[in-house]
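Below: the structure, in structure tokens.
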Ligand SMILES: Nc1ncnc2c1ncn2[C@@H]1O[C@H](COP(=O)(O)OP(=O)(O)OP(=O)(O)O)[C@@H](O)[C@H]1O
């Protein structure tokens, strides 16, 4: 059993990580699914009343309400799958919920990219209403997410993935983590030192990880992660 959670500010790459998981046949449970389900259960319109229900859930049942409601969905998927990805974690209180339930089988990945990089990618994505057209700007969205406790959740991550390289390199990175249950190489910082050995033990010497990590530098076309590429060393 392995439950992988992702956390990251808007435009950091959580959706891309979920896509990689699905391509690998790994079910993805998003916090949004939980809220949509609850909205439908209350006889409301999931497309319109989503925000109100998310807020109501937290007010009625506390800040971990959405995470708690996601647990049966995750456990259901774990009946038939070894690994499940949980997308959309927003606070350290939610991290507590997953750690309490899944213990060492829970791995939190923080996906990070600088503000300007995320702003450019969100513009290019074209999904969001631009600030100039009355949409919520990225700074305001960041602020709102941080208000939920996202910084504290990110600080709890077992693995930090800097998504500043090419999309191919990011996909490869996430695939490697999902398949091996660990970083697979030494490029990710680990903010929680006592989890490091767990990662290495659980999959650091998985043979599948080797070819993937070796091929990564070739995939990178973006120059923003030069320092990462320079520090890349073959695994002993
Ligand atoms: N390494 C990358 N190189 C180029 N484009 C990328 C990279 N990573 C992500 N993107 C693109 O940036 C956009 C934002 O990524 P994504 O949608 O995965 O972010 P998110 O964290 O899910 O954002 P949100 O929280 O707003 O839903 C997408 O269009 C995605 O394809």
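Numbering (our numbering), first residue to last: 4 to 239.
Backbone N, C-alpha and C fix where the C-beta goes; we use that ideal spot for every residue, glycine too.
Since the structure is predicted, the reported quantities are computational estimates derived from the model, not experimental observations.
Just to confirm, is the Cβ distance from residue i to residue j under 9 Å?
i, j, result
"residue 37", "residue 69", "yes"
"residue 113", "residue 11", "yes"
"residue 20", "residue 126", "no"
"residue 64", "residue 116", "no"
"residue 163", "residue 177", "no"
"residue 104", "residue 74", "yes"
"residue 41", "residue 31", "no"
Nearest-angstrom Cα distance between residue i and residue j?
i, j, result
"residue 152", "residue 26", "30 Å"
"residue 106", "residue 88", "15 Å"
"residue 35", "residue 51", "13 Å"
"residue 98", "residue 67", "9 Å"
"residue 28", "residue 82", "14 Å"
"residue 168", "residue 184", "21 Å"
"residue 33", "residue 54", "15 Å"
"residue 44", "residue 76", "15 Å"
"residue 124", "residue 71", "32 Å"
"residue 59", "residue 22", "29 Å"
"residue 4", "residue 108", "6 Å"
"residue 221", "residue 179", "With a pLDDT of only 35 at residue 221, under the threshold of 50, the placement of this residue in the model should not be trusted; the figure read from the coordinates follows. Those two C-alpha atoms are separated by around 16 Å."
"residue 24", "residue 143", "29 Å"
"residue 140", "residue 133", "7 Å"
"residue 49", "residue 129", "23 Å"
"residue 84", "residue 175", "21 Å"
"residue 47", "residue 78", "26 Å"
"residue 171", "residue 145", "25 Å"
"residue 147", "residue 102", "24 Å"
"residue 154", "residue 9", "13 Å"
"residue 100", "residue 62", "17 Å"
Is residue i helix, strand or coil by DSSP?
i, result
"residue 5", "strand"
"residue 85", "coil"
"residue 188", "At residue 188, the pLDDT of 46 sits below 50, so the modelled position is not reliable and the matter cannot be decided from this model."
"residue 111", "strand"
"residue 37", "helix"
"residue 51", "coil"
"residue 131", "coil"
"residue 90", "strand"
"residue 77", "helix"
"residue 69", "helix"
"residue 211", "No answer about residue 211 holds up, because its pLDDT of 41 lies below 50 and its placement is not dependable."
"residue 165", "strand"
"residue 117", "coil"
"residue 102", "helix"
"residue 238", "Confidence at residue 238 is low in this model, with a pLDDT of 46, below 50, so the placement of that residue is unreliable and no value is reported for it."
Given the structure, does residue i come close to ligand 3, in the sense that its CB is under 8 Å from one of the ligand's heavy atoms?
i, result
"residue 8", "No copy of ligand 3 occurs in the structure displayed; its ligands are ligand 1 alone."
Round the Cβ separation of residue i and residue j to the nearest angstrom and send it over; I've been treating them as touching at under 8 Å.
i, j, result
"residue 149", "residue 111", "Not quite, the Cβ-Cβ distance comes to about 17 Å (not below 8 Å), so this is no contact."
"residue 138", "residue 131", "6 Å"
"residue 181", "residue 96", "Contact doesn't hold; Cβ gap of about 25 Å is too wide."
"residue 92", "residue 156", "6 Å"
_If contact is defined by three or more beta carbon pairs under 8 Å, each pair taking one atom from either stretch, is the region 115-122 in contact with the region 14-33?_
Touching, per the Cβ criterion.
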